[in-house]
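J.: Line order of the protein sequences matches chains Y and A.
Under the working numbering, the first residue of the first sequence carries the number 107, and numbering increases by one thereafter.
Under the working numbering, the first residue of the second sequence carries the number 127, and numbering increases by one thereafter.
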Amino acid sequence: MINRKIAPEIKDATAFDITLKPYEKVTLDNGIPVYIIKSDEQDTLQLELVFPGGSWYETENLVASATNFLMKNGSSIHSALEINENIDYYGAYLNRNSHHEYATYTLHCLTKHFETLVPVLQEVIQDPSFPEEELAIFRQNMKQRLAVNLQKCDFVANRHIDKYLFGEFHPYGRVSSMDAYDALQAPILQAFYKQHYTYNNCKIFVAGNLPANLVQLLNNAFGQEKWNGDASIVRADMPVLAAEEKKFRIFNDENGVQGAVRVARPFPNRYHPDFPKMLVLNTIFGGYFGSRLMSNIREEKGYTYGIHSQLYNFRQTSAINIQTEAGRDVCEATIEEIYKELRTLQQEIVPEEELHLVRNFMIGSILGDLDGAFEVIQRWKNLILNGLDENYFYNNIKVIKTITAEELQELAKEYFTPEDFYELVVI
Amino acid sequence: MIHYNKFTLANGLRVIVHEDHTTPMAVVNVMYDVGARDEDASKTGFAHLFEHLMFGGSINIPEYDEPLQMAGGENNAFTTSDLTNYYIQLPAENIETAFWLESDRMLSLAFSEKSLDVQRKVVSEEFKEHYINKPYGDVWHKMRDLAYAVHPYKWMTIGKELSHIENASLEDVKAFFFKYYVPSNAILVVGGQVTTAQVKMLAEKWFGDIPSGQRTQRNLPVEPPQTAAHKLEVKANVPLDALYKCYHMPGRTAKEYYATDLISDILGGGASSRLNQVLVKEKKLFSNIDCYHFGTLDAGLLTIEGKLVKGVKMKDAEKAIQEEIDKIQQTAIPERELQKVKNRVESMLAFEDMGLLNRANNLAFYELIGDAAMMNEEFGQYEAVTSAEMHREAQHLFDEKNSNTIYYYAG
């Protein structure tokens, strides 16, 4: 008979040797860099074009995201329907995303269809026409979506907490509005497009099972001309105007049965030496299922379905944000418990057993996250776009493996003082 | 093509091994053949609540999550109307930890009163978060109740009402466990950097001595054909009118399932689908519209749902949907459009199979509905569908008598 009370032997995190598979890099004839991770195990590929076209660079609210969205909705030769038909017919997905810093177009397709799809991608990137009718539909539908979202306490809470942290004029704190949608005009989108989606600002990331003539196809489509001309994009930090008041309560729905709780504070960006250390402390505090917050507030008290603490990955400056939806009558008690857990990490050293577990969990998690070419290129993209290299990645792993309980307590003493946090409840 | 080996332990536990030597990871997936459809109508939400309790400690191991996290692993679970699935991903070197944990909770839970007490509250908050405190959050409660007369799909997996969860007792928990959580009612899939010989050895070692138990024969009420259209008007504090139409459709293992699935893609799959193109873009009646279904094992519901553009009248919106339905009933689907939805399925299946966890989960699912081998035959089933077959299916699927409509008005 086996003794089920005894856990099987495990291999420890510190013994795992994690390597970030290196990329190949080629440069198209016009200078566009292409970063490549090959993998022949599947019949699929992913190609992402990245431009400095995020909200950081817009002068009027929502212009960056509207430009990004509408590029796909009509070119000088094809309607939105024809473009969508061309993509859907081959079972491909062409997703667009606009973030604070960057705007992207990502194609996912079966490798056998890639060659046919490249011209469609080229057209979307180099020849969008921003039809008035598409803009009108976008404006109306986005306003309707916003109206629904504004009834959700979590959506409203997310908007407010970022405003408190960064100020409503900063790209990190600015939020959408009906007025901003109404103000969108096609010529402004067209101008934003021309200035930011240029050949000299483009980076391409490809992963998966790649056709042998990949570089030739990309060169033909994206590497020949100086499309949209040379544009120099200057990125300068912008002033943060954080709220002076620290505590906020908002009633959004008088019949609400839950409240969205947010507790947050500013934190330095990823270039600061405390950042990788905070990734470990944050995991202990609220970053995984067994975290202090989950153990206490969900698994001990049952106040919520889930509670998480996250570290923003923004470029200029970051923040620690604790978020949960809790029963209406236990929102205040939830905030008290969050503060209690913050103080405990300041006052008491993290037990060796718990730190050991979190090290193992984090390393196992990174190992799992690096499984597959799409995941590996994603890591590289984040490093490259932030001007970093593999040393940053390996340093983070080293911190996870070696940080001491004393260092964590020092970190908590500096950053986990409850009075430094904004708190918000939206019911 | 997904490769696997399959064997059954003496106690009836079915084991599938999917070797993938390109990854440093392993996954362990345990699927139990029990879901919300197996619940008592007065104790709904129980299968899902029970899933939460599976993390509350087992007979020999007081904490489930901690040893797994210590081994660098992550896990989660989900419950549907049809089944309950638990999965673990961890570095392959530590795979025995997963066998130890999963086998002990199949052997017996700790049945702690404290865990039940807390999870009742947690699930109540989950219920509120997803179904009460969200605009339109109650619509599926209402729709299932409207569409089903007798079948247990009448209630949602989360439960019919909060009180059912609040009243769950430890006696209920024990009875449920010993009835359904037995080896003969489960499928174990192990994938990743493992060998079949290794999995055989570990499966025998950890699961081999768990008593087989009785596999419960399912005897669910069969939903009779609907003979008249059902309609319901709702007024609620939401900003936009919305329209929901559901039609009874074949279950997951019916031959007609594939044609019906392709019909839903013709109508609502992708930006170029008919409903998106005609009703959102051309006629501008809806700000968004979708057509989908849940792929339930018993006969399910094909759903069309959309939010109306402000100012559009409900009857005009409904008429426009009906025109698209008439079109699909009256006119054969053009070859190119049929090829499009088949290409979409091919691509979707390829992307789905990329993740190791997905592959393990799908192998378990196909084994549960008949045979893991079906996973590799799936695309062939879709490829074989003809335009004539879809045309035939559309006739009774979209019969007015087969419809359930909710008019959801902004109040």
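Glycine included, C-beta positions come from ideal geometry on N, C-alpha and C.
LEU216/Y touches chain A at which residues, Cβ-Cβ below 8 Å?
T.: GLU472, SER473 and ALA476
J.: I need the DSSP call for SER401/Y, collapsed to helix, strand or coil.
T.: helix
J.: How do the segment 395-411 of chain A and the segment 237-254 of chain Y stand: do at least 3 beta-carbon pairs fall below 8 Å, yes or no?
T.: These segments touch.
J.: Kindly give me the distance between the Cβ atoms of LEU427/A and ALA273/A, rounded to whole angstroms, as I take these residues to be in contact under 8 Å.
T.: 6 Å
J.: How many Å lie between VAL224/Y and THR217/Y at the Cα?
T.: VAL224/Y and THR217/Y: Cα-Cα distance of roughly 11 Å.
J.: In the DSSP assignment, find the unbroken alpha helix (DSSP H) run with VAL505/Y in it and report its ends.
T.: 496-508
J.: Kindly indicate if chain Y contains any beta-carbon less than 7 Å away from that of ASP191/A.
T.: yes
J.: Would PRO261/A count as contacting chain Y if we go by Cβ distances under 7 Å?
T.: yes
J.: Under the three-state reduction of DSSP, which class applies to MET501/A: helix, strand or coil?
T.: helix
J.: What's the C-alpha gap between VAL315/A and PHE225/A?
T.: 11 Å
J.: When the Cβ atoms of the segment 402-413 of chain Y are set against those of the segment 239-249 of chain A, are three or more pairs found closer than 8 Å?
T.: Counting C-beta pairs with one atom in each stretch, the segment 402-413 of chain Y and the segment 239-249 of chain A have three or more that are closer than 8 Å, which means they touch.
J.: Where do the N-terminal and C-terminal ends of the beta strand (DSSP E) with HIS356/A fall, by residue?
T.: Looking at the DSSP string, the run of the beta strand (DSSP E) that includes HIS356/A is 356-362.
J.: Using a Cβ-Cβ cutoff of less than 8 Å, which residues in the same chain neighbour GLY377/A once the five nearest sequence positions on both sides are dropped?
T.: TYR383, THR422, LEU423, ASP424, ALA425 and GLY426
J.: Nearest-angstrom Cα distance between ALA362/A and LEU514/Y?
T.: 50 Å
J.: Mark ASN345/A as exposed unless 16 or more other C-beta atoms lie within 10 angstroms of its C-beta, in which case mark it buried.
T.: Under the 10 Å beta carbon count, ASN345/A is surrounded by fewer than 16 other beta carbons and is classified as exposed.
J.: What residues from chain Y crowd round ASP230/A, counting only those whose CB sits closer than 8 Å?
T.: ARG110
J.: Against ASN155/A, what residues of chain Y qualify as contacts under a CB-to-CB distance less than 9 Å, listed in chain order?
T.: Chain Y residues near ASN155/A: none, gap ~15 Å exceeds 9 Å.
J.: CA-CA distance, ASP264/A and LYS254/A?
T.: 10 Å
J.: Can you give, in chain order, each stretch of the beta strand (DSSP E) that sits fully within the segment 108-169 of chain Y and has at least 3 residues?
T.: 130-133, 139-144 and 150-157
J.: I'd like the span of the alpha helix (DSSP H) that includes SER473/A, first residue to last.
T.: 461-478
J.: Going by beta carbon distance, what residues of the same chain come within less than 7 Å of PHE556/Y, once the five residues before and after it are set aside?
T.: Residue 556/Y is absent from the structure shown; chain Y starts at 107 and stops at 533.
J.: When burial is assigned at 16 or more other CB atoms within 10 Å of the CB, is LEU500/Y buried or exposed?
T.: Reading the sequence as shown, one finds Tyr at residue 500/Y and not Leu. So TYR500/Y counts as exposed.
J.: So, are the CB atoms of GLY182/A and ALA173/A less than 7 Å apart?
T.: no
J.: Measuring alpha carbon to alpha carbon, tell me which of ALA286/Y, LEU213/Y, LEU227/Y and LYS269/Y ends up nearest MET248/Y.
T.: ALA286/Y
J.: Determine the direct distance from the alpha carbon of ASP208/A to that of LYS446/Y, and round the result to whole angstroms.
T.: 41 Å
J.: Which ranges would you report for the alpha helix (DSSP H) in the segment 366-428 of chain Y if only whole runs of at least 4 residues count?
T.: 380-388
J.: Starting from LEU216/A, trace the beta strand (DSSP E) in both directions and tell me its first and last residue.
T.: 210-217
J.: Under three-state DSSP, which class holds THR206/A?
T.: Coil.
J.: Going along chain Y, which residues have a C-beta under 8 Å from MET151/A?
T.: Scanning chain Y for C-beta atoms nearer than 8 Å to the C-beta of MET151/A yields LEU473, GLY474 and ASP477, reported in chain order.
J.: How is GLU182/Y classed by DSSP in three states: helix, strand or coil?
T.: Note on identity: in this sequence residue 182/Y is Ser, with Glu being the wrong assignment. Three-state DSSP puts SER182/Y in coil, outside helix and strand.
J.: How big is the Cα-Cα spacing for GLN465/A and TYR195/Y?
T.: 7 Å
J.: Could you round the C-beta distance between PRO309/A and LEU139/A to whole angstroms and report it? I think they count as a contact, below 8 Å.
T.: Contact between PRO309/A and LEU139/A holds: their C-beta atoms lie close to 4 Å from each other, under 8 Å.
J.: Chain A partners of ARG368/Y, CB-CB under 9 Å?
T.: By Cβ distance, chain A contributes nothing, its closest Cβ being about 15 Å from ARG368/Y, past 9 Å.
J.: How about ASP194/Y: is its C-beta nearer than 7 Å to some C-beta of chain A?
T.: yes
J.: Taking PRO114/Y as the query, report the chain A residues whose CB atoms sit under 7 Å from its CB, ordered along the chain.
T.: GLU222, THR223 and TRP226
J.: If we ignore side chains and look at the alpha-carbon of each, how far apart do ILE428/Y and ILE403/Y end up?
T.: 12 Å
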